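> I have a structure I would like to understand better, so I am pasting it below and will then ask my questions one at a time.
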Amino acid sequence: MPSLASQIAEDWLFCNRLGAGKEKIMTILTISVKNTLIDGRQSERALMIRRGTQLLLDQMRHAVLPELSLASGRRADLISVSDKGEIWITEIKSSIEDFRVDRKWPDYRQHCDRLFFATLPDVPQEIFPQECGLIVSDGYGAHLLRDAPEHRLAPATRKSVMLAFSRAAAQRLMRAEWDAAPQFLP
């Protein structure tokens, strides 16, 4: 098995070949090492929904962060910030039972401008409340079936959520970088 350093070097060469003739790509994370950003609490179905939804939100020019703890003590499955600064929370529901046992979703409204549910195609769409947006994902992409109504956050709440988002993103990037190259840690 190749060393971590050789895996990182190989990934760097791969990324630079992809970026040939364009701006230089700086590899921060290696693609050859186990994903340190998956914590093992999510089912495979939930991870499929998450992946497809992240791809959709990325195409919509959102910065996406999974599993963010909120000031209320709740944890958003996905939180994203659009290029216009709009904050969306997406609750992932992988089955009818998953939706029925979780009644905390109304609490997420106090932390976002728009609230969505994301699910798989085999979960009946009619179980999801009409006052929330709906995304259907298959793991390789997703479709926004119903837009969510806007309920703009107060400026102080927006600042608090944005600060939590940015700090969590920076911390995760740093930890992933450390996991990729532990030999450089003190």
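Start counting the sequence shown at -1; every next residue gets the next number (my numbering). All C-beta atoms, glycine included, are put in the ideal place defined by N, C-alpha and C. Fair warning: this is a prediction, and the values are worked out from it, not measured in the lab.
1. For Glu89, write down the residues that DSSP places opposite it in a beta bridge.
2. Assign Ser158 to one of three DSSP states: helix, strand, or coil.
3. Which residues in the same chain have their Cβ closer than 7 Å to the Cβ of Val62, if we skip the five residues on either side of it in sequence?
4. Can the beta-carbon of Asp111 be found closer than 8 Å to that of Leu151?
5. Which one or two residues does DSSP pair with Pro64 in a beta bridge?
6. Looking at the strands, I want to know which residues DSSP matches up with Arg59.
7. Taking the continuous beta strand (DSSP E) assigned at Val99, which residues delimit it?
8. Taking Ala167 as the reference, which of Pro64, Ser92 and Arg43 has the closest Cα?
On the basis of the coordinates in this document:
1. Phe115
2. helix
3. Gln52, Leu55, Asp56, Leu76 and Ser78
4. yes
5. Leu76
6. None; Arg59 has no bridge partner.
7. Per DSSP, Val99 belongs to no beta strand (DSSP E); it is in the alpha helix (DSSP H), Ile94 to Val99.
8. Measuring from the Cα of Ala167, the nearest candidate turns out to be Pro64.
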